[in-house]
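Chains as they are written, first to last, in the numbering used here: chain A, 16 to 298; chain B, 7 to 264. Backbone N, C-alpha and C fix where the C-beta goes; we use that ideal spot for every residue, glycine too.
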């Protein structure tokens, strides 16, 4: 019989706490949250120094940028912010390119201040933040990989098994209907979740780091021309930017799924490790 | 009631999240203004330098490109015309009176005319110029190899850095002339040039005439334009802001390999 009142209450309501996330995973998860957030915000500040993206070895090939955020004056001498995508121009005043400042004047501003670090354009400081947290991120990521392989977290919790592959259709439908596994099944990651995590861990995150390396003129000398494999240095910069936004998309979906499948339960399990599972605790 | 409690909990949480976000960003801005925190952050860039030196050989060559890759009209950034009467006088005569002084910790100080620089062993290379802002341009450079020049002036043993003093003031009234510095490894690197030609014509004023440094494995701000004087030093701690270059004194890293 349970001795503590809370355990007794849990048993009456037919649920129990399951130790889901071990300490190293929890710690590394939150370090990653901080590092990636600061990398993203400082990255947008760095991007503001030259807010245009190109495909190729250089920025000046005779072709216009693929994407550009700019500030310009209209024929009525009004300052507006514009975003150009594949040569098409959109007025994005107040969001991208220009915004009203504290004095009420519309001034050049690539991104809103709350989306960049530092909030004002300050390239040298943004680079300091970016490179410092890039190291935090890379070291944390390597520790995570080593831990996940040695503790079998990767093989046991993340690698899809035969059953996972067979249930993939079912899982897609469940996700679209916002239906989530309950009871014993909720202890494991579902197959889409596993695939999403694996894609982020083994494709997106290594790619964003590699494209960061590709922007370094010194690292480009390692094997001269290796950057051209990705289309050239400016293509690498474009990929770096796109992958950063794909990671944002992943985080938005991740947080959305956390909210709709039991926000407090998931949050607790990533802080204390304990996740509440409906049903009788297995003896 | 449960639903109400749930709602107020959510509202509280939403507000807490917003406040935390503002606090974090405000806190980051405040930290950026302190003396100590940017120094801590700079350890990241120090690690960049250490790691890049560790994994890339000191003599590794920057990628070279073909004529087809040349950027039409090499972009001019920073100064396009130095605001200096002495420079304007030199430029008016096509730099016929220009002399590059090479001194400091050397056995054999020299002063070279443009014609003498052009007579030195030269190298032509098509390379990519990567600005710290994020853009790149590809240009064909011809210039005297700095390494050859150094062999002629014979640096003393204690010389550790090569300083480049430029004609362009970065502030009004001729204040804060641009300057840069590189270490001896970069100075003797085969692709490090005192460039006097860009894309087959004499270096235009907007790109740094008459002489611009090319130090291909580093970002654009290391490539000093309008070079007037070269000095070999043991340390740059007492020169200008003490960080080894104009932009370095504004907070950019001396090591510009990334």
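Nearest CB-CB separation between residue 29(B) and chain A: not below the 7 Å threshold. In this structure, the alpha-carbon of residue 56(B) lies about 46 Å from that of residue 177(A). The C-beta of residue 288(A) comes no closer than 7 Å to any C-beta of chain B. Residues of chain B whose Cβ lies closer than 9 Å to the Cβ of residue 239(A) are, in chain order, 66, 67, 68, 69, 70. One finds 78 in chain B with Cβ atoms closer than 7 Å to the Cβ of residue 77(A), taken in chain order. According to DSSP, residue pairing for residue 134(B) in a beta bridge involves 144(B). Within the region 247-261 of chain A, 247, 248, 249, 252 place their CB atoms closer than 9 Å to a CB of chain B, listed in sequence order. DSSP, read as helix, strand or coil, puts residue 33(A) in strand. Across the set 116(A), 85(A), 136(A), 72(A), the C-alpha of 72(A) shows the shortest separation from the C-alpha of residue 235(A). Residue 38(B) sits in a helix when the DSSP states are folded into three classes. Residue environment for residue 162(B): exposed (fewer than 16 other C-beta atoms within 10 angstroms of its C-beta). Residue 57(A) sits close to residue 141(A), with the two beta carbons spaced by under 7 Å. A straight line joining the alpha-carbon of residue 120(A) with that of residue 113(A) spans about 10 Å.
In chain order, 259, 262, 263 place their CB closer than 8 Å to the CB of residue 55(A), counting only its own chain and leaving out the 5 sequence neighbours on each side. The continuous stretches of beta strand (DSSP E) do not include residue 249(A), which lies in the alpha helix (DSSP H) extending over residues 248-275. Around the C-beta of residue 221(B), 16 or more other C-beta atoms lie within 10 Å, and the residue is accordingly described as buried. 66(B) is the residue among 96(B), 66(B), 28(B) whose C-alpha sits nearest the C-alpha of residue 223(B). The Cβ-Cβ distance between residue 173(B) and residue 252(B) does not fall below 7 Å.
Residue 41(B) sits exposed, since fewer than 16 C-beta atoms from the chains shown fall within 10 Å of its C-beta.
Of all residues in the region 110-121 of chain A, none has a C-beta nearer than 7 Å to a C-beta of chain B. By the criterion of a C-beta distance shorter than 7 Å, residue 156(B) is surrounded in its chain by 193, 194, once the five residues flanking it on both sides are discounted.
Residue 248(A) is classed as buried because its beta carbon has at least 16 other beta carbons within 10 Å across all chains shown. At least one C-beta of chain A is nearer than 7 Å to the C-beta of residue 58(B).
Any Cβ of chain A closer than 7 Å to the Cβ of residue 263(B) would place that residue at the interface, and such an atom is present. DSSP, read as helix, strand or coil, puts residue 212(B) in helix.
Out of 201(A), 179(A), 216(A), 273(A), the CA that lies nearest to the CA of residue 35(A) is found in 201(A).
Taking 7 Å as the CB threshold, residue 50(A) stays off the interface with chain B.
In the three-state reduction of the DSSP assignment, residue 43(A) falls in the helix class, which pools H, G and I.
Along the region 237-259 of chain B, going in chain order, the ones with a CB nearer than 7 Å to a CB of chain A are 256, 257, 258.
Comparing C-alpha distances from residue 254(A) to each of 86(A), 222(A), 207(A) shows the shortest one belongs to 222(A).
Here the C-alpha atom of residue 228(A) lies approximately 8 Å from the C-alpha atom of residue 264(B). When the beta-carbon positions are compared, residue 43(B) and residue 144(B) stay at least 7 Å from each other. In summary, the residues of the region 29-43 of chain B whose CB is separated from some CB of chain A by less than 7 Å are 31, 34, 35, 38, in the order they occur in the chain. Within the region 150-233 of chain A, no run of beta strand (DSSP E) at least 3 residues long lies entirely inside it.
Fewer than three beta-carbon pairs drawn from the region 47-56 of chain B and the region 101-118 of chain B are found closer than 8 Å, and the two stretches are therefore not classed as touching.
By the Cβ test, the region 161-168 of chain A is in contact with the region 39-50 of chain A, since at least three Cβ pairs between them sit closer than 8 Å.
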